[in-house]
């Protein structure tokens, strides 16, 4: 197993960082968020055509680059830094990784090449009343008939649910738990935007009234657990990128802002809190990296590592984004300052795949405490 | 990764797995005897065990072979540290081996190396660090212990404090002032002082745990041969920063293994007492579980950075603060979790595991003070890693 980033990873990081700084800066995120847009079509196409980012973790046989969770983590860390607005997390971290985890070759052949080409966006909804992968919180039902499956129920917080071309939902059948694919514009599917504190990430409520569906894989209980861990590791990387950007912003400001005839960054009251954040963030980077690396390796420790990363990185992001506002003083409280954009993203990210407490509870279970 | 080992005329290649097996086997064949309760017996037990390790070439993982060390590759040092922690080998007596040894290796004369390095590893000579003074802790360049030249000797006068295990010491490695007080770090000399020389008085200091782990050391006209100076006169300050950075990085894995074991023992205790069903206790224990895993991940990342780039990278500068905070909070929580049973000392019949958690609670107060306070650690991270400006009230470095 690799135990750290290689030169190739650093190169990928640099390329993605440059691309995002040119095409999708935080100013762009702000514009898109205010306009209520869920992304920029032109940027999305460039990501697919020039950078092959949508195909990053798609196997080569389905038109992708065949990379793993570690590489996806590098990309998402950069997207987190830039507060990238667009359906990348939902399409790649959630839908692509779920399709590869569930391992239904027909489904993969049908959708993955189009995702890799940037032609199709997708998302995943597991728990009914939360955007988590908590399989115990699935009550939507799927019924088989002569014409195929149909799904009924509701999913309350679907990431990019308003715009996704393909929605993968978990539903109970007579005997087990299944994963079902629905077209975003299918008959019987009603969707409605859910306004949250983070306007850079669109959530939607999706109501399903006997929506025609395609079953993906068989009993998905085991495979969805891995998909959830992959999603958790991916979000952790995105969160730590956001936390690192918030700290960078705070440090830059503390170097420049003069009060009492000296830069505020020379006061220990500021320094020590920046140092504590650095400790938390570097440990979070280790956590997100190892969650991804252990998942790529199929290591038995991977599930604990994924929840470890999710619990730790959620807390790190929330802390860093709050401290960034505090260090900016009155400026940090204004709408014009980007600081609140990070706090908003952090607040939703904190619970979007399960709250830190839920992940700690899962760790306690997994280590048989 | 493999390393070539030269044994006479035969050249063998040993893989990391073979190396681990060999180290583990040695510790299995040479288990430390049960830890004696009597302090004096315990000291000779520690010394005897380290002498045995030295004679079998099982000490000084990063030290060059010519000075009695093992001359291991970095990857092997990491393996060695993990096995060392698992074998529960007692720590050597004295302090600062990782600081004084590289200083002597880098700046010492051949004669000094011959005289001190082997006996240091074998624990024939117990070494202690004499840097801190009553008025010079975190602000070390303020030190006042003086050394005046007289023929072939320095005559040393002054006081050191917080000298850990000074009562065991045969030798102190110290910083003394040979320049004016105002010269600060430009007038400091590095001296090795014989603890048994006339004029040296060691007075144990009782610490917060009730134990006597450190002492005050007084120098009253102590005559130190010039030959026992490391480096040049007034040029001692840069030597302070010499330490085996990479050995410390490998040691991070030793600590991760060690705290893994301590946390497992705490979880087992909580389970025995039926506390793991309490949601709050469970949440806190899970948080420690997260942190002990992060300790290992951080250590692995540092090790990767050293192997890949030759440098320990950003994770290394933060890992010490991470570990000290963990150590303190873990023991604080253990005492809290044990409730009334947590506050009684080892002399009480209610004491749990001979009061180890209470001792750890008190003892770990030192982890954010010793070897540079957490405040100094934070300043270092803020200034050297994040590039924040220096406090103008502080003198120039």
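Protein chains in written order, with the UniProt record's numbering: chain A, 1 to 369; chain S, 1 to 397. From the three backbone atoms N, C-alpha and C, an ideal C-beta is built for every residue, glycine too. Since the model is a prediction, treat every value here as computed from it, not as a measurement.
Are the CB atoms of residue 38(A) and residue 23(A) nearer to each other than 8 Å?
Taking the first chain and counting its residues from 1, one reaches residue 38(A) at position 38. Taking the first chain and counting its residues from 1, one reaches residue 23(A) at position 23. Cβ distance not < 8 Å, so residue 38(A) and residue 23(A) don't count as in contact.
Give, in chain order, every residue of the stretch 291–313 of chain A whose Cβ lies closer than 8 Å to some Cβ of chain S.
304, 305, 308, 311 and 312
Chain-ordered neighbours of residue 3(A) on chain S, where CB pairs are closer than 8 Å
As a first step, residue 3(A) must be located in the first chain, where it is residue number 3. Those within 8 Å of residue 3(A) in chain S are 300, 301, 303 and 304.
Looking at the C-beta of residue 240(A), does it have a partner C-beta in chain S at a distance below 8 Å?
Your numbering for residue 240(A) matches position 240 in the first chain. For residue 240(A), no Cβ of chain S is located within less than 8 Å of the residue's own Cβ.
Residues of chain A with CB closer than 8 Å to the CB of residue 379(S), please, in chain order.
In the second chain, the residue the question calls residue 379(S) occupies position 379. By Cβ distance, chain A contributes 268, 271, 272 and 275.
So that I know if they touch, is there some Cβ in chain A lying closer than 8 Å to that of residue 373(S)?
For the purposes of this step, residue 373(S) is taken as the residue at position 373 of the second chain. So, not an interface residue.
Would you call the CB atoms of residue 247(A) and residue 281(A) closer than 8 Å?
Position 247 of the first chain holds residue 247(A). Position 281 of the first chain holds residue 281(A). Contact: yes.
Along the chain, which unbroken stretches of the alpha helix (DSSP H) at least 4 residues long are found entirely within the stretch 216–283 of chain A?
221–256
Going by DSSP, which residues form a beta bridge with residue 203(S)?
Translated into positions along the second chain, residue 203(S) becomes position 203. Note: residue 203(S) sits in a beta bridge opposite 216(S).
Straight-line gap, residue 243(A) to residue 342(A) (C-alpha atoms, nearest Å)
Working through the first chain from its first residue, we reach residue 243(A) at position 243. Working through the first chain from its first residue, we reach residue 342(A) at position 342. Computed Cα separation, rounded: 8 Å.
Residue 195(S) versus residue 33(S) - alpha carbon distance
In the second chain, the residue the question calls residue 195(S) occupies position 195. In the second chain, the residue the question calls residue 33(S) occupies position 33. Going from the Cα of residue 195(S) to the Cα of residue 33(S) covers about 29 Å.
Same chain, Cβ closer than 8 Å to residue 53(A), five either side skipped, listed in chain order:
Looking up residue 53(A) in the first chain gives position 53. So the list reads 16, 47, 75, 88 and 92, once near-sequence residues are dropped.
Which residues in chain S have a C-beta closer than 7 Å to the C-beta of residue 363(A)? List them in chain order.
As a working note, residue 363(A) is residue 363 in the first chain. Result: 286, 289 and 290.
Check whether the Cβ atoms of residue 370(A) and residue 135(A) sit closer than 8 Å, and answer yes or no.
A question about residue 370(A) goes unanswered here, because the residues of chain A that appear run from 1 up to 369.
Which same chain residues, not among the five before or five after residue 235(A), have their C-beta less than 6 Å away from its C-beta?
Along the first chain, one-based indexing puts residue 235(A) at 235. Excluding residues within five positions, the ones whose Cβ falls inside 6 Å are 353.
Residue 124(A) - partner residues in DSSP beta bridges
Sequence index remark: in the first chain, residue 124(A) carries index 124 (1-based). Per DSSP, 168(A).
Out of 276(S), 97(S) and 118(S), point me to the one whose CA is closest to residue 67(S)'s CA.
Within the second chain, the letter at position 67 stands for residue 67(S). Out of 276(S), 97(S) and 118(S), 118(S) has the C-alpha closest to the C-alpha of residue 67(S).
Pop quiz: residue 164(A) and residue 90(A) are said to be a contact at Cβ under 8 Å. What is the actual Cβ separation, rounded to whole angstroms?
Numbered from its first residue, the first chain carries residue 164(A) at position 164. Numbered from its first residue, the first chain carries residue 90(A) at position 90. With a Cβ gap of about 6 Å, residue 164(A) and residue 90(A) count as contacting.
Does the Cβ-Cβ distance between residue 57(A) and residue 97(A) come in under 8 Å?
Residue mapping note: residue 57(A) aligns to position 57 of the first chain, counting from 1. Residue mapping note: residue 97(A) aligns to position 97 of the first chain, counting from 1. Yes, they are a contact pair.
Got a sec: is the Cβ-Cβ distance from residue 78(S) to anything in chain A below 8 Å?
Stepping through the second chain from its first residue, residue 78(S) is reached at position 78. With 8 Å as the cut-off, residue 78(S) does not count as an interface residue toward chain A.
Determine contact between the stretch 245–261 of chain S and the stretch 209–220 of chain S, defined as no fewer than three beta-carbon pairs at a distance below 8 Å.
These segments do not touch.
Compute the beta-carbon to beta-carbon distance between residue 337(S) and residue 286(S), rounded to the nearest angstrom, for a pair I have assumed lies under 8 Å.
Position 337 of the second chain, counted from the first residue, corresponds to residue 337(S). Position 286 of the second chain, counted from the first residue, corresponds to residue 286(S). Residue 337(S) to residue 286(S), Cβ: 13 Å. No contact.
State yes or no: is the beta carbon of residue 249(A) nearer than 8 Å to at least one beta carbon in chain S?
Mapped onto the first chain, residue 249(A) falls at position 249. Chain S contact via Cβ: absent.
Please list, in chain order, the chain A residues whose beta carbon lies closer than 7 Å to that of residue 267(S).
Along the second chain, one-based indexing puts residue 267(S) at 267. What residue 267(S) touches in chain A: 369.
Compile a chain-ordered list of the residues in the stretch 312–335 of chain S whose CB is closer than 7 Å to at least one CB of chain A.
314, 315, 318, 321 and 322
Does DSSP classify residue 152(A) as helix, strand or coil?
Working through the first chain from its first residue, we reach residue 152(A) at position 152. Residue 152(A): strand per DSSP, three-state reduction.
If you compare alpha carbons, which of 209(A), 51(A) and 183(A) is closest to residue 20(A)?
Within the first chain, residue 20(A) is the residue found at index 20, counting from 1. With distances taken between Cα atoms, residue 20(A) lies closest to 51(A).
What does the alpha-carbon distance come out to for the pair residue 367(A) and residue 385(S)?
Within the first chain, the letter at position 367 stands for residue 367(A). Within the second chain, the letter at position 385 stands for residue 385(S). The straight-line gap from Cα to Cα measures roughly 35 Å.
Who are the near neighbours of residue 121(S) in its chain, counting only those whose CB is closer than 6 Å to its CB and skipping five residues on each side?
The residue labelled residue 121(S) in the question sits at position 121 within the second chain. Only 54, 59, 60 and 68 meet the Cβ criterion.
Could you check if residue 186(S) is buried or exposed, using at least 16 other CB atoms within 10 Å of its CB as the buried criterion?
By 1-based counting over the second chain, the position of residue 186(S) is 186. Its Cβ having fewer than 16 others within 10 Å, residue 186(S) is exposed.
Proximal chain S residues relative to residue 286(A), where beta-carbon distance stays under 8 Å
The count along the first chain starts at 1 and reaches residue 286(A) at position 286. Those are 294, 297, 298, 300, 301 and 315, listed as they occur along chain S.
Closer than 8 Å is the cut-off here; do at least three beta carbon pairs connect the stretch 305–319 of chain A with the stretch 192–207 of chain A?
no
Can you list the residues of chain A that residue 385(S) reaches, using a CB-CB cut of under 7 Å?
Here residue 385(S) corresponds to residue number 385 of the second chain, with the count starting at 1. Correct list: 278.
Taking 8 Å as the threshold (beta carbon to beta carbon), is residue 20(S) in contact with chain A?
What you label residue 20(S) is simply residue 20 of the second chain in a count that begins at 1. Not closer than 8 Å to any Cβ of chain A, the Cβ of residue 20(S) fails to qualify, so no.
In the DSSP output, which residue or residues are listed as bridge partners for residue 173(S)?
Reading the second chain from its first residue, position 173 is the one you call residue 173(S). Paired residue(s): 129(S) and 192(S).
Between which two residues does the alpha helix (DSSP H) harbouring residue 319(A) extend?
Position 319 of the first chain, counted from the first residue, corresponds to residue 319(A). From DSSP, the alpha helix (DSSP H) with residue 319(A) extends over 302–327.
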